[in-house]
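Engineer: According to the working numbering, the sequence shown holds residues 1 to 107 in order. Ideal Cβ positions, reconstructed from N, Cα and C, are used throughout, including at glycine.
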Amino acid sequence: MAKSLTKTTLPERRPPTHPGVMLLEEFLKPLGLTQTELAERIRVSYPRVNEIVNGKRGITPDTALRLAKLFGTTPEFWLNGQRNWDLWHAMHARAAHEIDEIEPVTA
Numbered sequence: 001m002a003k004s005l006t007k008t009t010l011p012e013r014r015p016p017t018h019p020g021v022m023l024l025e026e027f028l029k030p031l032g033l034t035q036t037e038l039a040e041r042i043r044v045s046y047p048r049v050n051e052i053v054n055g056k057r058g059i060t061p062d063t064a065l066r067l068a069k070l071f072g073t074t075p076e077f078w079l080n081g082q083r084n085w086d087l088w089h090a091m092h093a094r095a096a097h098e099i100d101e102i103e104p105v106t107a
């Protein structure tokens with residue numbers, strides 16, 4: 001990633017934790033919930049939960065609402081984690097050099 005890329009508060013070298021890892025480590029394990037139980041409680045499919053936990057699927061607004069209701073968090077908690085994950089990966093993608101070449105508009 002080029003230094004002149006858009007300023008951000010995200011870590012430069014290490015990606016943020018995927019929200020699926022947070023879901024597993026901070027919620028499911030401590031509460032003794034299985035992925036199957038979570039899927040049943042929030043009324044979604046097991047594959048959907050499993051893909052989130054394994055970082056193969058992101059947190060959607062719908063999922064964020066369901067998780068927030070179940071765990072007493074906010075939807076923003078889940079969506080901010082997903083946004084940070086997505087943004088970090090976009091900034092470190094092959095196309096990042098193209099973004100670096102964009103000239104800012106000045107007044």
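May I have the straight-line CA-CA distance separating Gly55 from Val105, to the nearest angstrom?
Structural biologist: Going from the Cα of Gly55 to the Cα of Val105 covers about 36 Å.
Engineer: Where do the N-terminal and C-terminal ends of the alpha helix (DSSP H) with Gly81 fall, by residue?
Structural biologist: It spans 75-91 - the alpha helix (DSSP H) in which Gly81 sits, taken as one unbroken run.
Engineer: Does DSSP classify Gly55 as helix, strand or coil?
Structural biologist: Three-state result, Gly55: coil.
Engineer: Suppose you measure from the CA of Met91 to the CA of Arg14; what does that come to, to the nearest Å?
Structural biologist: Roughly 12 Å between the two C-alpha positions.
Engineer: With DSSP as the reference, label Arg48 as helix, strand or coil.
Structural biologist: In the structure shown, Arg48 sits in a helix (DSSP, three-state: H, G or I).
Engineer: Rank Glu26, Glu25, Gln82 by C-alpha distance to the C-alpha of Pro61 and give the top, closest one.
Structural biologist: Nearest C-alpha to Pro61: Gln82.
Engineer: Considering only residues of the same chain and omitting the five flanking positions on each side of Ile59, which have a CB-CB separation below 6 Å?
Structural biologist: Here the set comprises Pro19, Trp78, Gln82.
Engineer: With a cut-off of 8 Å on the beta carbons, I'd call Trp85 and Pro30 a contact; round off their distance for me.
Structural biologist: In fact, because the Cβ distance is near 21 Å, the residues do not count as touching under 8 Å.
Engineer: Under 9 Å between the Cβ atoms of Glu51 and Arg43?
Structural biologist: No.
Engineer: What does the Cβ neighbour count give for Thr63, buried or exposed, with the cut at 16 atoms within 10 Å?
Structural biologist: So Thr63 ends up on the buried side.
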